[in-house]
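Asker:
2 protein chains.
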Amino acid sequence: MTSEPYTAMKIAQIAPLWEQVPPVTYGGTELVVSRLTDELVRRGHEVTLFASGDSQTLARLEAGSPRALRLDTSIKEPIMYELMHVGEVFQRADEFDIIHSHVGVWSLALASVVATPTVHTLHGIFTNDNTKVFRQYKTQPFISISDAQRLLNLNYAATVYNGISVEKFPFFAEPQDPPYLAFLGRFSPEKGPQHAIAIAKKTGWRLKMAGKVDVVDKKFFEEEVAPHIDGKQIEFLGEVNHGQKAELLGNAAITLFPITWCEPFGLVMAESMATGTPVIAMNMGSVSEVIANGETGYVCQSYDEMADMIPKALKLSRQKCREHVETKFSVTQMVDGYEAVYEKIVGDRNFRHWFNAAIRNSLESFTSLKR
Amino acid sequence: MTSEPYTAMKIAQIAPLWEQVPPVTYGGTELVVSRLTDELVRRGHEVTLFASGDSQTLARLEAGSPRALRLDTSIKEPIMYELMHVGEVFQRADEFDIIHSHVGVWSLALASVVATPTVHTLHGIFTNDNTKVFRQYKTQPFISISDAQRLLNLNYAATVYNGISVEKFPFFAEPQDPPYLAFLGRFSPEKGPQHAIAIAKKTGWRLKMAGKVDVVDKKFFEEEVAPHIDGKQIEFLGEVNHGQKAELLGNAAITLFPITWCEPFGLVMAESMATGTPVIAMNMGSVSEVIANGETGYVCQSYDEMADMIPKALKLSRQKCREHVETKFSVTQMVDGYEAVYEKIVGDRNFRHWFNAAIRNSLESFTSLKR
Chain A
1 MTSEPYTAMK IAQIAPLWEQ VPPVTYGGTE LVVSRLTDEL VRRGHEVTLF
51 ASGDSQTLAR LEAGSPRALR LDTSIKEPIM YELMHVGEVF QRADEFDIIH
101 SHVGVWSLAL ASVVATPTVH TLHGIFTNDN TKVFRQYKTQ PFISISDAQR
151 LLNLNYAATV YNGISVEKFP FFAEPQDPPY LAFLGRFSPE KGPQHAIAIA
201 KKTGWRLKMA GKVDVVDKKF FEEEVAPHID GKQIEFLGEV NHGQKAELLG
251 NAAITLFPIT WCEPFGLVMA ESMATGTPVI AMNMGSVSEV IANGETGYVC
301 QSYDEMADMI PKALKLSRQK CREHVETKFS VTQMVDGYEA VYEKIVGDRN
351 FRHWFNAAIR NSLESFTSLK R
Chain B
1001 MTSEPYTAMK IAQIAPLWEQ VPPVTYGGTE LVVSRLTDEL VRRGHEVTLF
1051 ASGDSQTLAR LEAGSPRALR LDTSIKEPIM YELMHVGEVF QRADEFDIIH
1101 SHVGVWSLAL ASVVATPTVH TLHGIFTNDN TKVFRQYKTQ PFISISDAQR
1151 LLNLNYAATV YNGISVEKFP FFAEPQDPPY LAFLGRFSPE KGPQHAIAIA
1201 KKTGWRLKMA GKVDVVDKKF FEEEVAPHID GKQIEFLGEV NHGQKAELLG
1251 NAAITLFPIT WCEPFGLVMA ESMATGTPVI AMNMGSVSEV IANGETGYVC
1301 QSYDEMADMI PKALKLSRQK CREHVETKFS VTQMVDGYEA VYEKIVGDRN
1351 FRHWFNAAIR NSLESFTSLK R
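Each protein sequence line maps, in turn, to chains A and B.
Read left to right, the first sequence gives residues 1 to 371 (the numbering used here).
Read left to right, the second sequence gives residues 1001 to 1371 (the numbering used here).
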């Protein structure tokens, strides 16, 4: 694949309005949309980004709201704005060769009644209820962000791994001394901070933890995390910005990823490896696709095994960790993946149009001859 | 207008899935949809009703869910089912001459991208947030259920008052002795049961009240209603079925409608008048359109004035109350109104198609001549 498109495409990107593109602190989906959109513009495509008005982009920005919905406390029904936002894109569907939706179920019904094809990246989680909507529209083209995410029987056009801007993560050739383990992520039971603490306590290692505590997770945090924070062995840094995140991960000897749910991608693993720090993770969801087991970290079957693998993980090559991310989880890789999907879908559609027109013309000529 | 359509139309009706059609106890929208749909079938139209699977209808039923969503406690995100339901209708838009939506904002974006016209009846309330969605799609044809409901600057095709099945309400030529005042409606501050109680206490009249208490209104009920219920002067009957409702209203000397908000229609007023009982109401929203002031009740400017009008209201003709409903708020009236809107919209569209085709043909003939 070349970085010059053989044909420039007119592409619409639909981001959620909840957070701006790129997000100020956290927001996995909006970060991916930002990197993807800017790189598509650099490659010569004509891209329109439908997002909140405070977004920053190289594409033409169409504001679905003046600013990120989460910032406007006067809004009681955010879904009303998402409805209008998605509606606006499909009202203008004729202007695009392809529409790329990052808003999950909200674009499916509209995508299935307009002529322009839409491809849907699955960023969110599946619930009992939203699963039924995805199933109803299973013939739409979907992109999974890992093979492990393919839990539903949908029409998958490709798996495209999330890409990170590797150049924005400095490489740390050596961990800090005294050494520590890192945990980064929301403090929710699914991300497993309670297991990170147990592993540190079992092995005597220091542990530095960072991430946000959502309102719904407050009780969990207070009961299962807070009592263990002593500022010495177990440190809690709260929410961190990009620079602090790179420091936390890069200076660590090992990053722990002790999830308890099927993580669809897990950006933290890629970010840690980008700084040179290997990852020890629980084998659920995408973990075995993101870590090169025995080379850039260890994929474990239990939290005890995670603790046992620390000595081996210390011996892994930090250089190799970085190279792994450069090869598999860069923005270039991600955009190559998406561009190939767009070209295939748009190409198939153009071919169908050309073929139908050709058949029609032949039939007409034939009919004229017979007259 | 005749009850035989000059052309039978293929009509889709979209009801919410929350409650079945018709509703078992309460559900204003679903009751209107039920009466409308059955009468359209009787008039010879080909009607498809998109509603919950436990609905009863003369039309072809397309089930958006096996049963009313409110009955299925396993559902955490009911909106997912409404999404699929509405999506299904528009996927099949080509099968219909016209689509009639009773689901508010949820059908607007889809209606604006398919070729089949959709008309939207406004049943719900306007919020700060949903108002913006209606405004975005203001060129779609809307039907208001009273002139008072036209608070937004939308493309109103008509006002069509809700119609009730007058024959299902027995006429009560005389009120019960000893006489009493009736209040029927949800026990929420907007419906004003607190004012009904104050009016009864001020005048010494007995008051019988019925209706449901929603979870959100429990505190209001316990603080402002319950302390006054003594089972003698102030009686509370709880939720009532159709027969009990007709008895409560028909045996009353007067029905009070002491609302504190802009009621868009107010079925209770029509139901009370159908049984012969005049209504004294606060002048907000549709009240002055539904009551013939001085003939079938009194439209008042204050709750004190409502109390003062009781002696005059006792002298009104109960026969006239019933006739008023038969003339203005019958199902026949309502369906005449909707049928006229459908015929106009479908007719305009057919004319546009014919006109465009005629122009195209003329141009082609002209071009051939010139060759």
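Every residue, glycine too, gets a C-beta built ideally from N, C-alpha and C.
Remember, it's a predicted structure, so these values are computed and weren't measured experimentally.
Distance, Cα to Cα, I1345 (chain B) vs I1254 (chain B)?
Answerer: 41 Å
Asker: Is any beta-carbon of chain B found at less than 8 Å from that of E4 (chain A)?
Answerer: Low local confidence applies: a pLDDT of 49 at E4 (chain A) is under 50, so the model's placement there is unreliable, with the coordinate-based value given in what follows. Taking Cβ atoms only, chain B never reaches closer than 8 Å to E4 (chain A), which makes this a no.
Asker: Against chain A, does Q1375 (chain B) count as a neighbour if the rule is that its beta carbon must be under 8 Å from one of theirs?
Answerer: Chain B is shown only over 1001 to 1371; residue 1375 (chain B) falls outside these bounds and no answer can be derived.
Asker: Roughly how many angstroms lie between the CA atoms of M273 (chain A) and W1018 (chain B), to the nearest whole one?
Answerer: 49 Å
Asker: What residues from the stretch 114-129 of chain A come within 9 Å of chain B, judged by C-beta to C-beta, listed N to C?
Answerer: V114, T127, N128 and D129
Asker: Please classify V24 (chain A): is it buried, with 16 or more other beta-carbons within 10 angstroms of its beta-carbon, or exposed?
Answerer: exposed
Asker: Do S1146 (chain B) and E966 (chain B) count as a contact pair if the criterion is CB distance below 8 Å?
Answerer: Examination of residue 966 (chain B) is not possible in this model, given that chain B is present from 1001 through 1371 alone.
Asker: Along the chain, where does the alpha helix (DSSP H) containing S279 (chain A) start, and where does it finish?
Answerer: Sequence inspection shows Val at residue 279 (chain A); the Ser mentioned does not correspond to that position. Segment V279 to M282 is the beta strand (DSSP E) holding V279 (chain A); no alpha helix (DSSP H) there.
Asker: Could you check the C-alpha separation between R385 (chain A) and A158 (chain A) for me, to the nearest Å?
Answerer: Not covered by the structure: residue 385 (chain A). The range shown for chain A is 1 to 371.
Asker: Starting from A1148 (chain B), follow the beta strand (DSSP E) in both directions and report where the run begins and ends.
Answerer: First-last for A1148 (chain B): undefined, no H or E at that position.
Asker: Quick one: give me the first and last residue of the beta strand (DSSP E) that L1256 (chain B) is part of.
Answerer: Counting along the chain, the beta strand (DSSP E) containing L1256 (chain B) begins and ends at I1254 to F1257.
Asker: Which residue comes first and which comes last in the alpha helix (DSSP H) that contains N155 (chain A)?
Answerer: Here N155 (chain A) belongs to no alpha helix (DSSP H); instead the beta strand (DSSP E) covers N155 to T159.
Asker: Is it the case that the Cβ atoms of L1248 (chain B) and L1237 (chain B) are separated by a distance below 8 Å?
Answerer: yes
Asker: Tell me which residue opens and which closes the alpha helix (DSSP H) that S272 (chain A) is part of.
Answerer: L267 to T275
Asker: Take S1286 (chain B) as the anchor and find which of B:S1302, B:T1277, B:I1259 and B:T1327 has the nearest alpha-carbon.
Answerer: B:I1259
Asker: Do you know how far the Cα of P189 (chain A) is from the Cα of V225 (chain A)?
Answerer: Looking at the two C-alpha atoms, the distance is approximately 10 Å.
Asker: Buried or exposed, going by whether 16 or more other CB atoms sit within 10 Å of the CB of H1353 (chain B)?
Answerer: exposed
Asker: Please confirm if V1086 (chain B) has its CB atom under 8 Å from at least one CB of chain A.
Answerer: Cβ-Cβ to chain A under 8 Å: yes for V1086 (chain B).
Asker: With 16 other CB atoms within 10 Å as the buried threshold, where does S3 (chain A) fall?
Answerer: In this predicted model, S3 (chain A) has a pLDDT of only 47, less than 50, meaning its place in the structure is not dependable enough to derive any value.
Asker: For L31 (chain A), which residues from the same chain have a beta carbon less than 7 Å from its beta carbon, with the 5 sequence-adjacent residues on both sides left out?
Answerer: P22 and P23
Asker: Threshold first: 4 residues or longer. Then list the alpha helix (DSSP H) segments lying entirely within the stretch 183-207 of chain A, N to C.
Answerer: 193-203
Asker: Got a sec: which bits of the stretch 71-105 of chain A sit with their beta carbon under 9 Å from any beta carbon on chain B, in order along the chain?
Answerer: S74, I75, K76, E77, P78, I79, M80, Y81, L83, M84, V86, G87, E88, F90, Q91, A93 and V105
Asker: Is G1297 (chain B) helix, strand or coil when you go by DSSP?
Answerer: strand
Asker: Give the straight-line distance between the Cα atoms of P5 (chain A) and V47 (chain A), rounded to the nearest whole angstrom.
Answerer: Legend: pLDDT at P5 (chain A) = 46, less than 50; position of this residue unreliable, no value from coordinates given.
Asker: Which runs of the alpha helix (DSSP H), 4 residues or longer, sit entirely within the stretch 1326-1367 of chain B?
Answerer: none
Asker: My output table needs one value for P1079 (chain B): the three-state DSSP class, helix, strand or coil.
Answerer: Inspection of the sequence shows that residue 1079 (chain B) is occupied by Ile rather than by Pro. DSSP places I1079 (chain B) in helix when its eight states are reduced to three.
Asker: Using a Cβ cut-off of 7 Å, which residues of the stretch 260-286 of chain A contact any Cβ in chain B, in chain order?
Answerer: none
Asker: Count the other CB atoms within 10 Å of the CB of K1191 (chain B); is the residue buried (16 or more) or exposed (fewer)?
Answerer: buried
Asker: Are any of the Cβ atoms in chain B nearer than 8 Å to that of A51 (chain A)?
Answerer: no
Asker: Does the CB of K373 (chain A) have a neighbour CB from chain B at under 8 Å?
Answerer: With chain A covering only 1 through 371, there is no way to say anything about residue 373 (chain A).
Asker: Below 8 Å on C-beta distance, what does S112 (chain A) contact in chain B?
Answerer: Using a Cβ-Cβ cut-off of 8 Å, S112 (chain A) is close to G1087 and Q1091 of chain B, given in chain order.
Asker: On the DSSP bridge assignment, give the partners of H120 (chain A) in chain order.
Answerer: In the DSSP output, where bridge partners are listed per residue, H120 (chain A) has A:S101 and A:F142.
Asker: Exposed or buried, which one is Q140 (chain A) when buried takes at least 16 other CB atoms within 10 Å?
Answerer: Label assigned to Q140 (chain A): buried.
Asker: At a cut of 8 Å, does the stretch 97-117 of chain A reach the stretch 1046-1064 of chain B through at least three beta carbon pairs?
Answerer: Judged by Cβ distances under 8 Å, the stretch 97-117 of chain A makes no contact with the stretch 1046-1064 of chain B, as fewer than three pairs qualify.
Asker: Quick check: is the beta carbon of Q1140 (chain B) nearer than 8 Å to any beta carbon in chain A?
Answerer: When Cβ-Cβ separations below 8 Å define contact, Q1140 (chain B) makes no contact with chain A.
Asker: Taking all protein chains shown into account, decide if I1014 (chain B) is buried (16 or more other Cβ within 10 angstroms of its Cβ) or exposed.
Answerer: buried
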